[in-house]
Amino acid sequence: MWDRSQSQYLQMWSRFYAAVRAGLPGQLIVGPSTANPPSSSITWWTTFLNHVKSNNVAPDIYSWHVIPHDPVQSVSNANATLAAAGLTNTRPYQINEYAGREQQHPGGGAWFISRRERAGADGMRANWGWGPNLHDYAANLLTQNSSGQYVPLGEWFMYRYYGSQTGSIVTYAPGSDIDGFATKDNTAKNAKILIGSNGNTGNVTVNLTGLNTTSVVENGKVRAVVQRVPYNNGAAVTGPTTVSDTALTVTGNTASLTVPYTDARDGYTVTLLPPSDTTVSTVAVSENSGQCLDDTDLSQANGTQYQQYDCEGGYQQMFDFKPVAGRPDTYTVVNQHSGTCLDINGASTTDGAAVIQRTCSGTTNQMFTLRPVTALGNGQDYQLVAVHSGKCVDVAGVSTQPRALINQWTCDTGSTLATKKNQIWRLQGLR
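What follows is the structure, encoded as structure tokens:
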């Protein structure tokens, strides 16, 4: 923080600029990193810009903070303010701190991502930690559970989805304090939309146009999966929940859907797929322990036995449930990290046989039928029944401890099932 006069700052800037250019002529110079975005009404900025213009010491990249300002508006103001000083911007602006603490939730995170992309500016999310927490908790994307394990907050999943958006950027028309970031990847056969809110709520209509330029339409239909990432009152989140999974009719290369934005702090995603892609991606949360089915130690090796572990938000806990043709409600279960299938070791039919991962082979010991469990009333609970043995995927010893191993066991029924719950798995992506 500069606590002296601006005239001294300008002297320092000019000397710094000259020293860098003399010693490192190709080095990019970034500044001035002020707490307020450029504006013609802020004399500090107009004085700075006039100085760097007249002394030929303009930074290569202009930077500032945007808290709680809108990146789109601040970039527009910056363009006008620089132009008035006779300066041009040839590189993306750097918004080196965005989002106030009160804006750091799934809805706000997605809104800032969308606005920064719309503004064409680089950016860094603000870190409101202090003392020993300054370099902890991934700048408030994580928290710790009662056992001290790091687990994700909801906003973590918005950034994870943003990182999965590949291919080319497509236009998204913003609404009132609602904005989104959209991509299409014709090679991967998907289109993805991240949606956030700056405080607005209500039903959001998403009009899908130009679908003829994508690879997601088949026989006049497109599959649309709408998921919600909850704020959860600032507590840990195990993953997105599916709001709807429908086949939309495409007319004139367009379709539409509705996102029910009831809490501005929640974030939403829309994934478009060909209707023939019936894969459901989800975490599997043990209703007994609240922990996730987990690829032990992020293993890639065949034969690794599965465990339960704190829900960390990683791809080692994400599974693609792929329907088996001709077998209703039956799936092969592919781990997104390893690419291997959930498997009953040795095709055993005995209680206690290990649930492992193995290269997908299409055998019945890699097929699991979902048996709904309605007792908990959330519509996402199932037993996973191995087709070859008729036995259930089970947390050994009804354990609630991290790293408890996963095996198969005779399926519980009735009061035993409701009491033990170590064979009940909440599949949040299934609807």
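The numbering of the sequence shown is the working numbering, which starts it at 1033 and goes up by one.
Yeah, the Cβ is synthetic: ideal placement off N, Cα and C, and Gly gets one too.
Identity of the residues DSSP links to residue i by a beta bridge
i, result
"V1405", "Answer is none; V1405 lacks a bridge partner."
"C1443", "Answer is none; C1443 lacks a bridge partner."
"Y1169", "BP columns for Y1169 are empty, so no partner."
"V1315", "Paired residue(s): none; V1315 is not in a bridge."
"Y1204", "DSSP, once it has assigned bridges, lists no residue as partnering Y1204."
"D1154", "Q1126"
"N1410", "BP columns for N1410 are empty, so no partner."
"Q1415", "R1403"
"Q1389", "L1374"
"N1458", "According to the sequence as given, residue 1458 is Arg; it is not Asn. Paired residues: V1317, D1413."
"N1367", "F1351"
Cβ-based burial, residue i [other Cβ within 10 Å; buried from 16]
i, result
"I1201", "exposed"
"A1226", "Per the sequence presented here, residue 1226 reads as Leu, with Ala not at that position. Per the 10 Å Cβ criterion, buried."
"N1334", "exposed"
"N1239", "exposed"
"R1036", "exposed"
"P1057", "exposed"
"F1213", "buried"
"A1110", "buried"
"R1147", "buried"
"A1050", "exposed"
"E1134", "exposed"
"F1048", "exposed"
"A1054", "exposed"
"Q1176", "exposed"
"H1167", "exposed"
"T1372", "buried"
"N1454", "buried"
"L1243", "buried"
Three-state secondary structure assigned by DSSP to residue i
i, result
"T1297", "Rather than Thr, the amino acid found at residue 1297 in this sequence is Arg. Here R1297 sits in coil by DSSP."
"I1099", "coil"
"T1432", "coil"
"Y1191", "helix"
"K1085", "helix"
"Q1259", "strand"
"S1146", "helix"
"K1221", "coil"
"W1077", "helix"
"G1180", "coil"
"Q1337", "strand"
"A1090", "coil"
"K1452", "helix"
"L1114", "helix"
"E1250", "strand"
"D1375", "strand"
"L1289", "strand"
"P1355", "strand"
"A1279", "strand"
"L1437", "strand"
"L1240", "strand"
"L1174", "strand"
Neighbourhood of residue i by C-beta distance below 7 Å, restricted to the same chain and skipping five residues each side
i, result
"A1090", "V1084, L1119"
"W1077", "P1070, S1071, T1113"
"E1250", "P1306, P1307, S1308"
"N1082", "A1117"
"V1356", "T1362, Y1363, T1364, M1399"
"T1328", "T1336, Q1337, Y1338, Q1339"
"H1101", "P1069"
Neighbourhood of residue i by C-beta, 8 Å cutoff - its chain only, sequence neighbours within 5 removed
i, result
"W1457", "A1316, V1317, S1318, E1319, L1325, D1413, Y1414, Q1415, L1416, V1425"
"C1343", "V1183, P1184, A1268, T1270, G1271, V1315, V1317, G1322, Q1323, C1324, Q1349"
"T1406", "D1413"
"T1079", "Q1038, L1042"
"T1290", "N1235, V1236, T1237, V1238"
"V1104", "R1147, R1150, A1151"
Same chain only: Cβ atoms within 6 Å of residue i, ignoring 5 sequence neighbours per side
i, result
"F1144", "Y1130, A1131"
"G1384", "N1439"
"S1247", "N1218, K1221"
"L1304", "A1223, V1248, V1254, A1256"
"A1386", "Q1337, N1377, N1439"
"G1199", "T1215, K1216, D1217"
"W1096", "T1066, P1069"
"M1230", "Note that residue 1230 is Asn in the sequence shown, not Met. If we look at N1230 and ignore the five residues flanking it on each side, its Cβ neighbours are W1143, D1209."
"N1159", "A1171"
C-beta neighbour in chain B for residue i, strict 8 Å
i, result
"L1114", "You won't find chain B in this structure, because it holds only one protein chain."
Does the stretch 1343–1355 come close enough to the stretch 1364–1372 that 3 or more CB-CB pairs lie under 8 Å? yes
Is there contact here, the stretch 1437–1444 with the stretch 1328–1344, by at least three beta-carbon pairs under 8 Å? yes
Segment contact flag, the stretch 1177–1197 with the stretch 1256–1263, C-beta cutoff 8 Å, min 3 pairs: yes
With three or more C-beta pairs closer than 8 Å as the rule, is the stretch 1228–1235 touching the stretch 1273–1281? no
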